[in-house]
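With UniProt numbering, the residue at position 427 of the sequence shown is 427, and numbering never jumps. The C-beta atom is built at its ideal place from N, Cα and C for all residues, glycine as well. All values reported here derive from a predicted model rather than from experimental measurement. The block underneath contains the structure these notes are about, expressed in structure tokens.
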Amino acid sequence: MREHAVHGQPGWTTLGSLLAFGIAVSSGLLLVGLLMLPGAAPSRRGIFRYLLDAVVIAAALWFVGWVAVAEPTHALGDRTPFWCRPLLVPAGIAALALGVSVITALRAPRPRGPLVRVGAGVTLVAVAGMGLAGGVCQGMATLAGAGAVALPVALGIIAFAARETGQGAARRPSQRDQPGTDRSPAPSRSAGDAGFEVDDELSRRGSAYAFLPMAAMAASALYHLVRGGSFDVVGVLTGSLEGFALVGRQFLALRDVRAYAERLRDREAYFRELAHTDPLTGLANRRGLLSALENDRVAGAEAVLLALDLDGFKNVNDMRGHDVGDAVLVEVGQRLRMNLRPGDVAARLGGDEFAVLMWARPAEATRAAARLLGVLGGPYEQETGTVFLSVSIGLASCESVPDVTTLLRNADLALRWAKSHGKNRVELYDIAYDVKLRRRTELEHELRGAIDRDELHLQYQPVVVLPDVRPVGAEALLRWQHPRLGKVGPDEFIPLAEECGMISRLGAWVLHQACHQLSRWLAEGHDVWVSVNVSPRELHATGYVEQVKDALRAHRVPPQRLVLEVTEHAVSTDVEELIRRLSALRQTGVRIALDDFGAGYSSLGQLRRLPVDILKIDHSLVVKEMVRVVVELGHQFGLEVIAEGISEQRQMAMVVDAGCKLGQGYLSGWPVPAEHFEARLDSATSPARVVPVPEQKNDRDQNAGPTPRRAQNVRAVDSAREMRQA
Ligand code: C2E
Ligand code: MG
Ligand code: MG
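Below you can see the structure in the form of structure tokens.
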């Protein structure tokens, strides 16, 4: 369309040039603004990448446009009516804006509609500006008018779409701020998430789109050549620009991929480290120790595995709180780390369990372990006060161990041994532990069914008046006769039952059996009492007092005929609680005996406070001449005193001389089945008869018993009175 002949008038051309310049600057700024919009480009460096991508498209467009207007194609006719040179720059920006819009449409994270609309708006601004400037330049009023109308419309589109973009950005997390998209992963975020985002961003950054502009460029160049055209400076520059943009883009992509691969490698190392590290102490964890054992263990290398367990750590957690517990664990880790030699690996296996892989011979490792015992046993200063701990250590040598599992097991076994033998000590694994452990496991298994299979029974050991040796009471002692394992002593199976939680069931069975037997003896007119051993665990079980009351009620036994023996070892635990429990038991009317006195840790002060009626002096004191002191002390406290374990005449004389009126031991009677004890009661209460005491040899040592002795020809006695007098 040819319009008014104003073309070429210098005034108009100058105005058109100014307009073209203004449009170029403002659409350029709008383009920068578009790239800065949230979500448009993933990062500042990403803007450059976006621009390069856009240049690939823009250069192709430009080239196609150039071919269309250049000789000999002349797609727009002999002369391009609106064209003037100042439009070169806004045309370039329009092409670039179109390129950015296309790239945004292809790559920007969803929702990308508003961004694409902003891009389209910027393109339209550039195109409308070109129309306006060209129209003015060439005196084409309609074109200038259309440009002038389209310009505010385009700006409106931008304003509206930009506001939408802002709202969308407020709803979604900022891409630009997210770590991992361009920089290394921030520790505050999960490295896995960041890796995923980088991956996502990289995958969105495909280069397939570049084929289209390249194809368009190649096709138009070919067409241009076929039509006999040639390439002037503009054509060559545009083609070169396209080439450099593509090369630059590939260079950046390659650099990003390399950086990404490095980040992945770092992240992998980080995760591997994390998977092998205990987060609390920073030591290796179980997996870390296993991999050290499997990877670092070279055939023939001298190595010892130390398994460590803090003694009584549960108390720290329970009494002082988990924060203090954690702080102590952290310090244990530090102390361990500071006392290792280079190459040794310290690990926390969980809870208060630690391990050290030490490259040393067993003797050397044992010395190091003894040192650790001191180091870890030192006080732990905490804000809330000092924590005292000890540690038990089990050692196992890697030598002649087939695999890591066995090594761990051996160290653990040695640790258990150290624990069960007093704690705060070092034990080196011994093959004998295996034998004992197997026996223990078998006993534990068999004990579970012992009551149902009727393998348990009680024996009664007489408690006699001294020096007459007349039975006034009996201690019920549990026996286990297993068809295959033979006789198993209570010293072996009672602690086992305590550990595996079976003691309450055994204790209940013993209590009922003993009460049943006692009620029969009482019914037959015997003046006797029976004592039953109570383990500390039973004592502390809820409902034990009720259980005792039930047993007494069920068998119609007067409570004062039943004595409950509490071992002195129970005193070493919570004394206040023990006092409460014993008082409650005593209120039922039963009497309480403190068993094995002198073998444990209870102090005389505690003895005064304990609500007990009878003191049973441990045989270890009977052997020594301590017996007199204890007897006097017991009497001073108003207690009845029984000397246990009298197995020789000399001891008997010593006990009698000390003023002790009651005794128990092999000399005065072995533990025997109920009927034998009954026969002895019978003989003791028959004044006319002098019968041999039906002594049974102890089932543990058939040859060690004393020669059978004659029962004393005495009158029936009130045993309770007897004891009171004693
Ligand atoms: P204890 O209560 O101190 O029982 C006395 C132990 O000393 C018995 O061993 C008895 O056979 C043994 N003995 C008796 N006279 C002599 C002697 O003259 N010299 C020596 N050296 N020992 C003598 P036993 O029957 O092997 O019982 C061992 C421990 O097992 C008992 O010590 C008691 O603590 C525990 N026990 C036995 N039966 C039960 C039970 O039914 N329940 C509980 N919780 N523990 C029981
Ligand atoms: Mg006892
Ligand atoms: Mg005892």
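Item to complete: Note down, in chain order, each residue of its chain lying with its Cβ closer than 8 Å to the Cβ of Ser647, except the 5 sequence neighbours on either side.
Response: Correct list, in chain order: His619, Gly665, Tyr666, Leu667 and Pro706.
Worksheet item: Is it the case that the Cβ atoms of Glu568 and Ser531 are separated by a distance below 8 Å?
Response: No, they are not a contact pair.
Worksheet item: Which value, in whole angstroms, describes the spacing of the CA atoms of Tyr429 and Leu293?
Response: Distance between the alpha carbons of Tyr429 and Leu293 is about 18 Å.
Practice prompt. Tell me residue 744's beta-bridge partners as DSSP assigns them.
Written response: A query on residue 744 cannot be resolved here, the shown segment of the chain reaching from 1 to 726 and no further.
Worksheet entry | Distance CB(Leu466)-CB(Val627) smaller than 8 Å | With respect to Val627, Leu466 sits apart: the two C-beta atoms are not nearer than 8 Å.
Worksheet entry | Own chain partners of Gly248 with C-beta closer than 7 Å, once the 5 adjacent residues on each side are dropped | The answer, listed in chain order, is Leu52.
Item to complete: Taking only the alpha-carbon atoms, compute the straight-line gap between Glu444 and Gly659 and give it to the nearest angstrom.
Response: Those two C-alpha atoms are separated by around 43 Å.
Fill in: Alpha-carbon spacing of Trp66 relative to Val234, whole angstroms
For Trp66 and Val234, the distance between alpha carbons rounds to 8 Å.
Worksheet item: Under three-state DSSP, which class holds Asn410?
Response: Correct three-state label for Asn410: helix.
Discussion item. When you measure from the CB of Asp595 to every non-hydrogen atom of ligand 2, does any distance come out below 7 Å?
Written reply: The answer is yes for Asp595.
Discussion item. Measuring alpha carbon to alpha carbon, tell me which residue in Leu357, Asp352, Val328 and Gly350 is nearest Pro342.
Written reply: Here the closest residue by C-alpha is Leu357.
Item to complete: Please indicate yes or no: does the CB of His619 lie closer than 7 Å to some heavy atom of ligand 1?
Response: For ligand 1, at least one heavy atom lies less than 7 Å from the Cβ of His619.
Discussion item. As a quick exercise: from Glu381, Lys419, Val32 and Thr277, pick the residue whose alpha carbon is nearest that of Leu349.
Written reply: Out of Glu381, Lys419, Val32 and Thr277, the CA that lies nearest to the CA of Leu349 is found in Thr277.
Fill in: Sequence-distant residues of its chain with Cβ nearer than 6 Å to Arg113 (five each side left out)
A quick correction: the sequence has Gly, not Arg, at residue 113. Excluding residues within five positions, none has a Cβ falling inside 6 Å.
Discussion item. I'd like the list of long-range same chain contacts for residue 759, defined as Cβ closer than 8 Å, with 5 residues on each side in sequence excluded.
Written reply: Given a span of 1 to 726 for the chain in the structure shown, any question on residue 759 remains unanswerable.
Worksheet item: What do you reckon, are the CB atoms on Leu30 and Ile158 nearer than 8 Å?
Response: For Leu30 and Ile158, yes; Cβs fall inside 8 Å.
Worksheet item: Terminal residues of the continuous alpha helix (DSSP H) containing Ala126?
Response: Ala126: member of the alpha helix (DSSP H) spanning Gly113 to Gln138, first to last residue.
Practice prompt. Consult DSSP for Ile503 and reduce its assignment to one of helix, strand or coil.
Written response: The answer is helix: DSSP assigns Ile503 an H, G or I state.
Practice prompt. Find the nearest neighbour of Asn327 within the set Leu280, Leu306, Leu373 and Ala347, judged by alpha-carbon distance.
Written response: Reading off the sequence, residue 327 comes out as Ala, not Asn. The candidate whose alpha carbon is nearest that of Ala327 is Leu280.
Discussion item. What ranges does the beta strand (DSSP E) occupy inside the stretch 351-400, keeping only unbroken runs of at least 3 residues that lie completely in it?
Written reply: Along the stretch 351-400, the beta strand (DSSP E) occurs as fully enclosed runs of 3 or more residues at 353-358, 380-382, 385-387 and 390-397, listed in sequence order.
Practice prompt. Could you tell me if the beta carbon of Glu498 falls within a distance shorter than 7 Å of some heavy atom in ligand 2?
Written response: Checking the Cβ of Glu498 against ligand 2 gives no.
Practice prompt. Jot down the residue ranges of each uninterrupted beta strand (DSSP E) in the stretch 554-614, minimum 3 residues, whole runs only, in chain order.
Written response: List check, beta strand (DSSP E) in window: 562-567 and 591-597.
Worksheet item: Mind pulling the alpha helix (DSSP H) runs of 4 or more residues that sit fully within the stretch 200-260?
Response: Within the stretch 200-260, the runs of alpha helix (DSSP H) that reach at least 4 residues and sit entirely inside it are, in chain order, 211-226.
Worksheet item: In the structure shown, what three-state DSSP assignment does Lys616 receive?
Response: Strand, per DSSP.
Practice prompt. Check Tyr429 in the structure and name its three-state DSSP category.
Written response: In the structure shown, Tyr429 sits in coil (DSSP, three-state: anything other than H, G, I, E or B).
Discussion item. Using 8 Å as the cut-off, can you tell me whether the stretch 534-547 makes contact with the stretch 579-587, which would need three or more C-beta pairs spanning the two stretches below that distance?
Written reply: The way I'd put it, the stretch 534-547 does touch the stretch 579-587; three or more beta-carbon pairs between them come closer than 8 Å.
Worksheet item: To the nearest angstrom, how far is it from the Cα of Val612 to the Cα of Gly605?
Response: Across the structure, Val612 and Gly605 are spaced so that their CA atoms are roughly 13 Å apart.
Practice prompt. Would you be able to state if there are at least three C-beta pairs under 8 Å between the stretch 418-434 and the stretch 458-473?
Written response: Contact annotation: the stretch 458-473 does not touch the stretch 418-434, with fewer than three C-beta pairs closer than 8 Å.
Worksheet item: In or out: Leu37 buried (at least 16 other Cβ within 10 Å) or exposed?
Response: The residue is buried, with at least 16 neighbouring Cβ atoms inside 10 Å.
Worksheet item: Is any heavy atom in ligand 2 found nearer than 7 Å to the beta carbon of Asn533?
Response: Result yes, Cβ under 7 Å from ligand 2.
Discussion item. Between Pro114 and chain D, is any beta-carbon pair separated by less than 8 Å?
Written reply: The structure shown contains no chain D; it is built from a single protein chain.
Practice prompt. Return the residue from the list Asp232, Arg85, Ala120 and Ala41 that minimises the CA-CA distance to Arg110.
Written response: Minimum Cα distance to Arg110 is reached at Ala41.
Fill in: Bounding residues of the alpha helix (DSSP H) (the contiguous stretch that carries Ala68)
Looking at the DSSP string, the run of the alpha helix (DSSP H) that includes Ala68 is Arg44 to Val69.
Discussion item. Comparing C-alpha positions only, which one of Gly147, Ile47, Ala133 and Met130 sits nearest to Ser101?
Written reply: Comparing C-alpha distances from Ser101 to each of Gly147, Ile47, Ala133 and Met130 shows the shortest one belongs to Ile47.
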